[in-house]
DNA sequence: CGAAAGATTATGTACATACATTATTGCCGA
DNA sequence: TCGGCAATAATGTATGTACATAATCTTTCG
């Protein structure tokens, strides 16, 4: 369906274009070579998406170099034969995605260095194991209630706040793959004390129940201590991936968790954040 | 400045609101209690941002639960006293950020599970070291040119493609912290053969020169081999963070790099992707 | 009763218009 | 020449309007 006819406008302009004559044949079919530029839209999907593709393409294939200034919205509007608002939407989205930098009065520029980040999925370990076609199990090893500062301290929490601590092991086909030590802020999630975690794992329970608005992560490599090595069934000193994550909700810490995973049984993988380019098949 | 007067409209509606009378006092100051709901805008920033905040707030503080259906655009328009397009923009942005799911005819719903990912910055190791106030140095240990398949193979590249290989060590205050082994596709970046890398490190050079449109990462923990341990100045078997990254440009692999960093001298940290909430101070 | 056809509704896109905002540019006068 | 101010050019926001698109709901007919 999508991809043949241009959104609405079945066949002719509505007659109020951006002053310029209706010269650009946005439709795919006819007028095969009447394009002086090669920056012509492809007729697939909404107009603003076509413009995004066209502009991102110019950038990614180096036609518009980093730091260079783009034609302004009015010019692009004429170039592509669409209204300024449509151009604006496309360009604003590209700017939001980090391809472009815009400054009022100054113009629009190709971003010199993109905010290069890569994204790693936060997956429930149970899902990962299941997706691998293996049998997932977990075991709660310990469960206590503390007040912060009495016996342990959660740095970002005021002393005296009640905390539930959980220690848990995760298995794949019976082999231990991850150790989890978790603190839960009982002021934010009091109902967790009534949950036995016989069936559903703490991580899954929390994910399903508690919204979060931000999280901080630290990933490190550590050698397994003797104790951890014993739990995970590896030799002492084996390289392990250590992930510490604190989740916040409404500026209050919800849970602080520390995962320790055996190096050769677990890895994180993901792709760069800049979805747009991959979305655009560039 | 920003934050007192509402965008334009200095003091009165332009008189074409969404049919409903001008009852909602969007301005901060007067009319202190005439709000039956507490979902009133705060007057800070553009209208569509205020709406985003208001809606995201309702969700994050649980007033609108996961899976629940929101009022439609027309109703929200009336509720907040703005046009449907403004509501549309706010809601569409929240949907793009993963807070909401929209289905034509069906309506807008609070997303049940957010696409939970976390973002780690792709930083130049030199920047990281410099930011720590330490002295950064690097040393090229090896540099060769191969054809793919002859002596080594880059899986995603056709055999015979010319490849530059680099081996490099990175130092912080004279201490080795990271080993880098890199392959560069000479078909994409032929000019790299003329670069000596006496001054600028390969990663930095590539970042500054070659755009990329996507990248894949894998992060693992490994024990240092004897050879690596010697290079990095640690004991054999020390836990190291291994990062493999392949960067693509226009569907062609550009560079494949393998970093090995000493576990207790290097860590990755970052925050969750859902910027919106943090942007909104929620 | 059930399936197909049509009406309805909510979101999606496009365009025009108008004005706000903000640097930059350039002029002008001290 | 330099400092400040006004004109200007670019993006940013808000609204109205119109129609497209896609589900869902309703009705009708076999």
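Protein chains in written order, with the working numbering: chain A, 307 to 588; chain B, 307 to 588.
Glycine residues also receive a C-beta, built at the ideal position from the N, C-alpha and C atoms.
| said: Using a 10 Å radius around the Cβ and a threshold of 16 neighbouring Cβ atoms, would you call residue 363 of chain A buried or exposed? | reply: Position 57 of the first chain, counted from the start, is the residue given in the question as residue 363 of chain A. Residue 363 of chain A sits buried, since 16 or more C-beta atoms from the chains shown fall within 10 Å of its C-beta.
| request: Could you check what DSSP says for residue 314 of chain B in three-state terms: helix, strand or coil? | output: Numbered from its first residue, the second chain carries residue 314 of chain B at position 8. Because residue 314 of chain B sits at a pLDDT of 36, beneath the cut-off of 50, its placement in the model cannot be relied upon, and the following sentence gives the value as read from the coordinates. DSSP places residue 314 of chain B in the coil class of the three-state scheme, outside both helix and strand.
| residue 508 of chain B - DSSP class collapsed to helix/strand/coil | As a first step, residue 508 of chain B is located in the second chain; it is residue number 202 there, counting from the start. Residue 508 of chain B falls in the helix class under three-state DSSP.
| Pairing CB atoms from the segment 542-553 of chain A with CB atoms from the segment 568-579 of chain A, are three or more of them under 8 angstroms? | Short answer: they touch.
| request: Could you tell me whether the Cβ atoms of residue 555 of chain A and residue 496 of chain A are closer together than 8 angstroms? | output: Residue 555 of chain A sits at position 249 when you count from the first residue of the first chain. Residue 496 of chain A sits at position 190 when you count from the first residue of the first chain. Taking 8 angstroms as the Cβ cut-off, residue 555 of chain A and residue 496 of chain A do not qualify as a contacting pair.
| said: So, at 6 angstroms on beta carbons, what are the nonlocal neighbours of residue 330 of chain B in its own chain, with the 5 sequence-adjacent residues on each side left out? | reply: Counting from one through the second chain, the residue named residue 330 of chain B turns up at place 24. Reliability of the predicted coordinates at residue 330 of chain B is poor, the pLDDT of 31 falling under 50, and the value obtained from them is presented with this limitation in mind. Setting aside the 5 residues that flank it on each side, residue 330 of chain B is surrounded in the same chain by 387, each with a C-beta closer than 6 angstroms to its C-beta; the list follows chain order.
| request: Take the Cβ of residue 478 of chain B as the centre, count every other Cβ of all protein chains shown within 10 Å, and call the residue buried at 16 or more, exposed below. | output: Along the second chain, one-based indexing puts residue 478 of chain B at 172. Within a 10 Å sphere around the beta-carbon of residue 478 of chain B sit 16 or more other beta-carbons, which makes this residue buried.
| In chain order, what residues of the same chain have a beta carbon less than 8 angstroms from the beta carbon of residue 274 of chain A, not counting five sequence neighbours either side? | Past the boundaries of the shown model lies residue 274 of chain A; chain A is included only from 307 to 588, so the question cannot be answered.
| query | Considering only residues of the same chain and omitting the five flanking positions on each side of residue 564 of chain B, which have a CB-CB separation below 6 angstroms? | reply | As a working mapping, residue 564 of chain B is identified with position 258 in the second chain. Leaving aside the five residues that flank residue 564 of chain B on each side, the residues in its chain whose CB is nearer than 6 angstroms to its CB run, in chain order, 487 and 550.
| said: Within a Cβ cutoff of 7 angstroms, which residues of the same chain sit near residue 483 of chain B, ignoring the five residues on either side of it in sequence? | reply: Counted from its first residue, the second chain places residue 483 of chain B at position 177. Answer for residue 483 of chain B: 476, 477, 567, 568, 571 and 572, listed in chain order.
| query | Relative to the ligand SAH, is the shortest distance from any of its heavy atoms to the C-beta of residue 351 of chain B smaller than 7 angstroms? | reply | What this structure holds is no ligand at all, so the ligand SAH is not there to describe.
| field | Beta-carbon proximity list for residue 599 of chain A, same chain, < 8 angstroms, skipping 5 on both sides | value | Nothing can be reported for residue 599 of chain A, as the shown portion of chain A is limited to 307 through 588.
| task | Whole angstroms is fine: what's the gap from residue 361 of chain B's alpha carbon to residue 395 of chain A's? | result | Along the second chain, read from residue 1 onward, the residue named residue 361 of chain B stands at position 55. Along the first chain, read from residue 1 onward, the residue named residue 395 of chain A stands at position 89. Rounded to the nearest angstrom, the two C-alpha atoms are 22 angstroms apart.
| task | Classify residue 430 of chain B as helix, strand or coil using the three-state DSSP reduction. | result | By one-based count along the second chain, residue 430 of chain B stands at place 124. Here residue 430 of chain B sits in coil by DSSP.
| said: Contact between the segment 422-434 of chain A and the segment 456-466 of chain A is defined here as three or more beta-carbon pairs at a separation below 8 angstroms; is this criterion met? | reply: No, the segment 422-434 of chain A does not touch the segment 456-466 of chain A.
| Neighbourhood of residue 511 of chain B by C-beta, 8 angstroms cutoff - its chain only, sequence neighbours within 5 removed | One-based indexing of the second chain puts residue 511 of chain B at position 205. Excluding residues within five positions, the ones whose Cβ falls inside 8 angstroms are 498, 501 and 503.
| field | Proximal chain A residues relative to residue 525 of chain B, where beta-carbon distance stays under 8 angstroms | value | Translated into positions along the second chain, residue 525 of chain B becomes position 219. Within 8 angstroms Cβ-Cβ: 426, 525, 547, 573, 574 and 575.
| request: Pull up the distance between the alpha-carbon of residue 389 of chain A and that of residue 352 of chain A, whole angstroms please. | output: Your numbering for residue 389 of chain A matches position 83 in the first chain. Your numbering for residue 352 of chain A matches position 46 in the first chain. C-alpha separation (whole angstroms): 13 angstroms.
| According to DSSP, which residues form a beta bridge with residue 576 of chain A? | Start at 1 with the first residue of the first chain, and residue 576 of chain A comes out as number 270. B/523, per the DSSP bridge assignment.
| field | From B/530, B/506 and B/553, residue whose alpha carbon lies closest to that of residue 494 of chain B | value | Stepping through the second chain from its first residue, residue 494 of chain B is reached at position 188. Cα-wise, what sits closest to residue 494 of chain B is B/553.
| Looking only at DSSP bridge pairs, what is residue 534 of chain B linked to? | For the purposes of this step, residue 534 of chain B is taken as the residue at position 228 of the second chain. Residue pairing of residue 534 of chain B in beta bridges, as defined by DSSP: absent, with no partner found.
| Secondary structure of residue 516 of chain A, DSSP reduced to three states | The residue given as residue 516 of chain A occupies position 210 in the first chain. DSSP places residue 516 of chain A outside both helix and strand once states are collapsed to three, so it counts as coil.
| request: Determine the chain B residues that contact residue 423 of chain A at a beta-carbon separation under 8 angstroms, and present them in chain order. | output: The sequence position of residue 423 of chain A within the first chain is 117, counting from 1. Residues of chain B passing the Cβ test: 425, 426, 427, 428 and 576.
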